[in-house]
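Read top to bottom, the protein sequences are chains G and C. All letters in the first sequence, in the order written, are residues 3 to 435 by this note's numbering. All letters in the second sequence, in the order written, are residues 175 to 381 by this note's numbering. Positions of the beta carbon are idealized from the N, C-alpha and C atoms, including for glycine. Following: one structure in structure tokens, then a few remarks.
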Amino acid sequence: MQKLRWAAVCVILVALMGWPSSAGAQVIERELRERIVPKITIAVAGFAPFVMHGEDLGKLGASVLIADLRFTTVFDVMDPGTLPFEPRTVQLDQERPLFPGLNSLKVQQLAVGQVSSRGRETVVEGRLFDVAAGNMIFGKRYVGDPKFYRLMIHRFADDIMFHLTGEKGVAQTRIAFVSTVSRTAKEIFVMDYDGANPVAHTGNQSINLSPRWSPDGRMIAYTSYRNGNPDLFVLNIDSVRRDVLSAQRGLNATPAWSPDGQWLVFAMSAGGGTNLFLIPKGGGTPKALTTGPPISVSPSFSPNGRQIVFNSDRGGSPQIYVMDVDGTNLQRVTFQGNYNSSPRWSPRGEKIVFMCRLAGNQICLINPDGTGLQQLTSLGSNEDPSWSPDGRHIVFTSTRMGHRDIFVMHADGTEQTRITSTGQDNYLPDWSP
Amino acid sequence: MRHGTRPGVLLTALLLAMGVALLGCPKRPDLSQAGPAAVGPAAVGPAAVGPAAVGPAAVVAPRPRVGEPLVTRPTPPAEAAVQPIPGAPGAAVPAASPLKDVFFDFDKADIREDQKAALNHNVGWLKASARVKITVEGHCDERGTAEYNLGLGERRAKAVKDYLVDARIAADRIATISYGKERPFVLGHDESAWKWNRRGHFVISGH
């Protein structure tokens with residue numbers, strides 16, 4: 003499926019005018035830009051009405067693109083109503099006369115899209131202009147089955163992000179999660195990062211938990227009760243092949259992939275307590291990383307693969323600990339509060355996000371050395387945080403609107419937005435690479 | 175021994191069940207429109223635009239695409255009453271099971287003094303029914319995280335098993351499984367529900 007999906011979105015470069023001569027120079031150290039460089043002001047135009055099956059794909063495309071660009075936190079996207087022209091009347095090749103007006107509003111970039119059909123395929127022509135320089139930065143044609151229309155727009159958004167910042171955007175990423183589909187069935191689903199297009203990846207009517215994307219995005223490890231015991235499975239999304247990785251009696255749960263994708267660490271309760279074990283991705287003899295009666299669950303690798311952060315009650319209450327990948331050099335990270343859980347190491351390694359109990363279950367950040375505790379949420383009961391691959395965003399679960407639902411927010415805690423609402427519980431999200 | 179307290183507990187449970195049934199839960203929306211009718215163009219409709227604009231209509235009933243049986247979103251049960259959990263015989267009508275549940279304190283797996291009567295009752299029944307095999311399910315309330323609670327439920331189930339083994343029930347008659355907080359006995363968001371959900375539940379698995 004995945005291969006088809008990508009093959010369907012074939013991208014044709016139509017123009018190289020004004021290709022940035024120094025793309026590398028634009029890759030500014032991110033912290034620096036976040037502190038010093040202001041947001042890039044961008045306007046979206048074009049996307050004239052193009053109706054298919056009663057739906058205006060032009061209007062949809064513009065709104066998806068604007069939402070994608072805003073979500074990056076990099077762009078200041080102009081409200082269409084504030085532009086000195088009617089944005090949706092803008093046709094391709096009519097962009098240049100708009101530049102003076104945009105310049106006077108200090109708009110730096112202009113993104114223009116146009117939707118059409120070619121046979122059974124939908125075509126999106128996307129162009130990005132540097133308004134001040136008067137250049138086209140890139141022009142691409144995105145072609146694919148109409149069902150991939152949103153993905154084509156997401157790809158345009160990621161291309162804009164990459165050309166202007168040198169960074170890989172997250173508009174094409176997805177989120178795996180658990181969704182309650184009946185009183186007893188909890189299945190693994192995958193949806194786009196904005197909550198659209200949820201698709202079931204299990205259908206066994208039992209309990210399926212803790213989906214975790216492999217670093218290459220092709221596999222999902224998860225725990226399933228389908229055979230009457232919580233066993234660890236690995237699903238290959240492309241081939242839909244499902245392998246049992248561990249089926250010891252008791253828990254085979256809460257997996258984490260090593261950054262090189264060759265190993266998994268997971269919790270197993272065969273023996274004494276619930277301990278963490280390391281196993282090759284293809285299966286093999288699990289090697290114990292923790293021992294004894296305490297509970298050790300929810301591991302997450304540091305991005306360099308040398309350390310593992312996890313949740314344990316070895317000190318009497320659930321707290322966050324860090325150890326080396328061979329199980330040595332154990333250090334406790336959290337000391338404030340009597341219940342800290344579900345840690346995830348940030349993609350760049352500088353933070354750990356976790357559930358903290360400070361006036362209810364909240365999402366907190368802390369430095370791996372235990373300093374810098376920061377609370378990000380305050381509404382409802384929140385848990386299960388997971389980072390976006392660029393580290394700019396966090397997906398988590400909250401009960402603030404009734405059921406447990408999936409929310410996303412920026413990594414500073416702003417813009418907390420619900421992206422599921424099926425009327426039943428949606429939880430344990432994991433953001434794809 | 176405190177056998178005398180047990181009917182009181184059951185009565186309380188039934189009253190609680192009736193109370194919850196009558197009061198319902200005003201927080202949950204009407205779910206009747208969450209069925210398969212929601213599948214379709216709405217998935218790519220304007221309502222489904224990026225995170226900032228995603229409204230209640232954004233996520234629709236998903237289409238399965240894998241080799242396992244189809245997933246549908248049947249109309250969910252109205253939130254009411256003590257939920258009898260299918261596959262957990264005895265849960266629906268506790269008095270009908272010969273084996274009694276045992277309850278735990280928050281984040282604890284110690285056998286409480288006030289629960290030993292129920293366990294001793296179960297020991298007596300198991301001794302009299304020597305061919306019966308059981309599974310002890312460990313359950314947790316909703317406050318802890320889903321993943322940590324898997325470990326806690328496991329610990330509770332094993333604590334119950336240890337008690338039975340200490341009372342000379344053969345270990346090979348007793349299996350354990352943790353459901354964490356995935357199968358609450360009572361739906362609710364306060365201690366009146368939580369106290370029933372921190373439990374060791376007995377299921378007869380074979381004769």
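- Collapsing the DSSP output to three states places residue 227 (chain G) in coil.
- Around residue 357 (chain G), the beta-carbon contacts reaching into chain C at under 7 Å are 319.
- Contacts between residue 224 (chain G) and chain C, judged by CB atoms closer than 9 Å, are missing: the closest CB pair is about 12 Å apart.
- Among the residues facing chain C, residue 188 (chain G) is included, as its CB has a counterpart in that chain under 8 Å away.
- 322, 324, 325, 326, 328 and 329: these are the residues of the region 322-338 of chain C whose beta carbon lies less than 7 Å from some beta carbon of chain G, given in chain order.
- The shortest CA-to-CA distance from residue 288 (chain G) to any of G:276, G:301 and G:270 is the one to G:270.
- Taking a C-beta distance under 8 Å as the contact criterion, residue 259 (chain G) and residue 223 (chain G) qualify as a contact pair.
- Sorting G:337, G:55 and G:367 by C-alpha distance to the C-alpha of residue 122 (chain G) places G:55 at the top.
- Non-local beta-carbon contacts of residue 346 (chain G) in its own chain, meaning distances under 8 Å to residues more than five positions away in sequence, involve 302, 311, 354, 355, 356, 387, 388 and 389 in chain order.
- Annotation for residue 64 (chain G): 46, 48, 49, 82, 89, 90 and 115 place their beta carbon closer than 8 Å to its own, counting only its chain and skipping 5 residues before and after.
- At a C-beta separation below 7 Å, residue 219 (chain G) has no neighbours in chain C, since its nearest C-beta there lies roughly 17 Å away.
- The residues 152, in chain order, have a CB closer than 8 Å to that of residue 198 (chain G) in the same chain once the five nearest residues on each side in sequence are set aside.
- Contact annotation: the region 300-312 of chain C does not touch the region 362-371 of chain C, with fewer than three C-beta pairs closer than 8 Å.
- According to DSSP, residue pairing for residue 180 (chain G) in a beta bridge involves G:190 and G:429.
- Here residue 342 (chain G) carries a strand assignment [DSSP, helix/strand/coil].
- DSSP, reduced to helix, strand and coil, places residue 51 (chain G) outside both helices and strands of the structure shown, so it counts as coil.
- In this structure, the alpha-carbon of residue 429 (chain G) lies about 18 Å from that of residue 378 (chain G).
- Contact holds between the region 329-338 of chain C and the region 347-366 of chain C, because three or more Cβ pairs, one in each stretch, are under 8 Å apart.
- Nearest to residue 352 (chain G) by alpha-carbon distance, out of G:162, G:221 and G:309, is G:309.
- What residue 320 (chain G) touches in chain C, judged by beta-carbon distance under 7 Å, is 322, going in chain order.
- For a Cβ distance threshold of 7 Å, nothing in chain C lies close to residue 292 (chain G): the least Cβ distance comes to about 11 Å.
- Of the residues G:234, G:277 and G:343, the one whose Cα lies closest to the Cα of residue 329 (chain G) is G:277.
- Put simply, the CB of residue 356 (chain C) is near chain G, with a gap under 8 Å to one of its CB atoms.
- If you check each beta-carbon in the region 348-377 of chain C against every beta-carbon of chain G, the ones closer than 9 Å belong to 349, 350, 351, 352, 353, 354, 356, 357 and 363.
- Using a CB distance cut-off of 8 Å, residue 386 (chain G) counts as an interface residue toward chain C.
- Around residue 231 (chain G), the beta-carbon contacts reaching into chain C at under 8 Å are 351.
- Contact of residue 252 (chain G) with chain C is assigned, a C-beta pair being separated by under 8 Å.
- Going by C-alpha positions, residue 249 (chain G) is about 8 Å away from residue 232 (chain G).
- Classified as exposed, residue 381 (chain G) has fewer than 16 neighbouring CB atoms from the shown chains inside 10 Å of its CB.
- Against residue 297 (chain G), the close residues of chain C are 322, 324, 325, 326, 328 and 329, in the order they occur along the chain (beta-carbon pairs closer than 9 Å).
- Look at residue 85 (chain G): its C-beta is not under 8 Å from any C-beta on chain C.
- Of the candidates G:146, G:192, G:187 and G:129, G:187 places its Cα closest to the Cα of residue 207 (chain G).
- The C-alpha of residue 340 (chain C) lies about 15 Å from the C-alpha of residue 292 (chain C).
- Interface flag for residue 256 (chain G) against chain C is set, since a Cβ pair is found closer than 8 Å.
- In the DSSP assignment, residue 140 (chain G) falls within the unbroken beta strand (DSSP E) covering 137-146.
- Taken through DSSP and simplified to helix, strand or coil, residue 270 (chain G) comes out as strand.
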